[in-house]
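Engineer: So the number in the working numbering is just where the residue sits in the sequence shown, counting from 1, plus 16. One structure coming up, written as structure tokens, with questions to follow.
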Amino acid sequence: MTDQTARPRRFSASAPLKGRIAIPGDKSISHRSLMLSALAVGTSRVTGLLEGHDVLATAAAMRAMGAGIERWGDGEWVIDGVGVGALLQPREALDMGNSGTSTRLLMGLVASHPITATFVGDASLSGRPMGRVIDPLSQMGADISASPGGRLPLMVRGLAPAIPLAYRLPMASAQVKSAVLLAGLNTPGITEVIEPVPTRDHSERMLRGFGADLSVETEPDGTRHIRIRGEAELKPQTIVVPGDPSSAAFFIVAALLVPGSDVTIANVGLNPTRAGLVEVLQAMGGDIALLDAREVGGEPVADLRVRHSALKGIEIDPAVVPSMVDEFPILFIAAALAEGRTVTTGLDELRVKESDRLAVMAAGLQAIGARVEESEDGLIIDGTGGDPVPGGATIAGHLDHRICMSFAVAGLVSKAPVEIDDMAPVATSFPNFEALLEGLQA
Ligand code: S3P
């Protein structure tokens, strides 16, 4: 999972994108469905599971800790859970590949089980900070030895019974929230996470769906208190994973930018804690219609019809950042072709994603001839007003799937082709990205 051969590819000015596509399952929900199914007592079934490398890393890890996990068909998986408290000690290091979500959430699970696990990952993941989960999990009693700077490789020695904790999140992070809640699953009493800024709530929804005793209380200022009663018994479920809005994002922006496009993207998850990009693009003038709004697997879903639009620059309210935290790279590409200035702030978390997404996007945008300025916590972009950008550059993807896909979309609206040095990382979250793009161009 960690070693891949580089796969460079060029993207050039595109004919109109036309047609209907279905995007793969949501990455966040896929990870959680495997983890909770593996902790339930009995057999769960998941359909629509994202079969990207990140989720496969979670599947392999849960298998190594005792769960029976089998693939029955395309996106269809059957999981035999071991029960909360009964995870087995893995015999080898858990290879997390590129996946921060697998690492942080699984560290939470191991922390309150009487087992020891070593976590390793690729160069990108090994540069990312784990101190944010090491702190609360250590307070719950786990003994964690990490590489310098709180990084991978690291070893978690769990404590059972662990010590319940009330933890106020120091940064808006669903991964940290989820790590503490998952540790709380096998901890006696009540574990509480205090969340001043709401982040994606898939863990809360799914824990409840599996029968955990979880409550959410919201203060008048919006601060959320999420409490879980530990030593839970989870009941097996049938889960339908909706399409990933963070994957849909690339085709939404591509359809808005490529003249003459008209694309329908089926089954897109629109949980309000994830739907920021659609709202921002609509406010920029994007023609995005929500069709057949419905519920799938306890999550709001709709089909999106997206037509080419003239976009206007916008000042983005930092309050919406958590609801589109993974969508800024592709939003920056949209801004590069909008009319006028787009200003973003409050994006410091982007510096600790699969790459430093502010620095890498600023460098790439400059390389393709867009007008961009980097500040400490955001980018300021002056768009072309709809004209193609010059392009004609090679972009270093830095093992970051979303950087690769963002500049692939930029290539579709560039005068000279844009080359991505390595498209292999795209398989972490969106294995059929290029195939779907080619289908819409045909
Ligand atoms: C995720 C949370 C986000 C996001 C990541 C997936 C999750 O990270 O960037 O791609 O599944 O919980 P943070 O919670 O660290 O912001």
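Virtual Cβ for every residue (Gly too), placed ideally from N, Cα, C. Nothing here was measured: the structure is a model prediction, and the numbers come from that model.
So, are the CB atoms of Asn283 and Gly259 less than 8 Å apart?
Structural biologist: Cβ distance < 8 Å, so Asn283 and Gly259 count as in contact.
Engineer: How about Leu452 and Gly402: are their beta carbons less than 8 Å apart?
Structural biologist: No. Outside cutoff.
Engineer: Is any heavy atom of the ligand S3P found at a distance shorter than 7 Å from the C-beta of His47?
Structural biologist: True, at least one ligand heavy atom lies under 7 Å from that Cβ.
Engineer: Pull up the DSSP beta-bridge partners for Val322, would you.
Structural biologist: According to DSSP, which records beta bridges pairwise, Val322 is partnered with Val279 and Ile304.
Engineer: Is the closest heavy atom of the ligand S3P to the C-beta of Arg216 under 7 Å?
Structural biologist: At least one heavy atom of the ligand S3P is nearer than 7 Å to the Cβ of Arg216, so yes.
Engineer: Pull the bridge partners of Arg184 from the DSSP assignment, please.
Structural biologist: In DSSP, Arg184 forms a bridge with Ile210.
Engineer: For the beta strand (DSSP E) holding Met171, just list the boundary residues, first then last.
Structural biologist: From DSSP, the beta strand (DSSP E) with Met171 extends over Arg167 to Arg173.
Engineer: Does the contact criterion of 3 or more C-beta pairs under 8 Å hold for the segment 76-86 versus the segment 101-116?
Structural biologist: Yes, the segment 76-86 touches the segment 101-116.
Engineer: Should Gly97 be labelled buried (16 or more other beta-carbon atoms within 10 Å of its own) or exposed?
Structural biologist: When all chains shown are included, Gly97 counts as buried.
Engineer: Would the C-beta of Ser118 count as close to the ligand S3P, meaning under 7 Å from any of its heavy atoms?
Structural biologist: Checking every heavy atom of the ligand S3P against the Cβ of Ser118, none is found closer than 7 Å.
Engineer: Taking 8 Å as the cut-off, does the segment 86-94 touch the segment 124-136 (at least 3 CB pairs, one atom from each stretch)?
Structural biologist: Segments in contact, no.
Engineer: Buried or exposed for Arg26, please, with buried defined as at least 16 other CB atoms from any protein chain shown within 10 angstroms of its CB.
Structural biologist: Exposed, since its Cβ has fewer than 16 Cβ neighbours within 10 Å.
Engineer: Could you check the C-alpha separation between Met156 and Ile206 for me, to the nearest Å?
Structural biologist: Roughly 12 Å between the two C-alpha positions.
Engineer: Quick one: using the 10 Å Cβ neighbour count with 16 as the cut-off for buried, is Pro404 buried or exposed?
Structural biologist: The residue in question, Pro404, is buried, as its Cβ has 16 or more Cβ neighbours within 10 Å.
Engineer: With Pro236 as the anchor, note down where its beta strand (DSSP E) starts and where it stops.
Structural biologist: Premise fails: Pro236 is in no beta strand (DSSP E) and is neither H nor E.
Engineer: If you measure from the CB of Glu67, is any heavy atom of the ligand PLP nearer than 7 Å?
Structural biologist: Inclusion of the ligand PLP in the displayed structure is not the case, the ligand content consisting of the ligand S3P alone.
Engineer: Tell me Glu390's beta-bridge partners as DSSP assigns them.
Structural biologist: Bridge partners of Glu390: Leu395.
Engineer: Are the beta-carbon atoms of Thr215 and Pro338 separated by less than 8 Å?
Structural biologist: Yes, Cβ-Cβ distance for Thr215 and Pro338 is below 8 Å.
Engineer: Hey, is Ala190 close to the ligand S3P, as in C-beta under 7 Å from one of its heavy atoms?
Structural biologist: Yes, the beta carbon of Ala190 sits closer than 7 Å to at least one heavy atom of the ligand S3P.
Engineer: Between which two residues does the alpha helix (DSSP H) carrying Arg373 extend?
Structural biologist: Arg373 -> alpha helix (DSSP H) spans Arg373 to Ala383.
Engineer: Suppose you measure from the CA of Asn448 to the CA of Asp438; what does that come to, to the nearest Å?
Structural biologist: About 15 Å.
Engineer: Quick check: is any heavy atom of the ligand S3P less than 7 Å from the C-beta of Val149?
Structural biologist: Val149 Cβ: outside cutoff for every heavy atom of the ligand S3P.
Engineer: My parser needs the beta strand (DSSP E) runs of 3 or more residues fully inside the segment 88-135; what are they?
Structural biologist: Listed in chain order, they are 92-98.
Engineer: Apart from the five residues on each side of it in sequence, which residues of its chain come closer than 6 Å, Cβ to Cβ, to Ile45?
Structural biologist: Here the set comprises His218 and Val257.
Engineer: Leaving out the 5 sequence neighbours to the left and right, which residues in its chain are closer than 7 Å to Leu363 when beta-carbon positions are compared?
Structural biologist: For Leu363, where only same-chain residues beyond five positions count, the Cβ hits under 7 Å are Val337, Phe344, Leu374, Asp393 and Gly394.
Engineer: Indicate whether Pro406 and Ala426 have their beta-carbon atoms separated by less than 8 Å.
Structural biologist: Going by C-beta atoms, Pro406 is not nearer than 8 Å to Ala426.
Engineer: Quick check on Arg221: does DSSP put it in helix, strand or coil?
Structural biologist: Residue state, collapsed to three classes: helix.
Engineer: Compute the beta-carbon to beta-carbon distance between Pro180 and Gly200, rounded to the nearest angstrom, for a pair I have assumed lies under 8 Å.
Structural biologist: With 8 Å as the limit, Pro180 and Gly200 qualify as a contact, their Cβ atoms being about 7 Å apart.
Engineer: My assumption, with CB atoms under 8 Å, is that Gly68 sits in contact with Ala443. Please give the rounded CB distance.
Structural biologist: Rounded, the Cβ-Cβ distance is 6 Å, consistent with contact.
Engineer: Which residues share a DSSP beta bridge with Ala162?
Structural biologist: DSSP, once it has assigned bridges, lists Leu170 as partnering Ala162.
Engineer: Expressed to the nearest angstrom, what Euclidean distance is found between the alpha-carbon atoms of Thr239 and Pro212?
Structural biologist: If I take the Cα positions, the gap works out to 4 Å.
Engineer: How would you call Met31, buried or exposed, if buried means at least 16 neighbouring beta carbons within 10 angstroms?
Structural biologist: It should be pointed out that residue 31 corresponds to Ala in this sequence rather than to Met. Ala31 is exposed by the Cβ-count criterion.
Engineer: Report buried or exposed for Ser262, applying the criterion of at least 16 other Cβ atoms within 10 angstroms of its Cβ.
Structural biologist: Buried, by the Cβ-count rule.
Engineer: Buried or exposed: Asp237, going by 16 or more other Cβ atoms within 10 Å of its Cβ?
Structural biologist: By the neighbour-count rule (16 or more Cβ atoms within 10 Å), Asp237 is not buried but exposed.
Engineer: Please name the residue or residues paired with His241 in a DSSP beta bridge.
Structural biologist: His241 is bridged to Ile210 and Glu233.
Engineer: CA-CA distance, Val274 and Ile242?
Structural biologist: Between Val274 and Ile242, the C-alpha separation is close to 43 Å.
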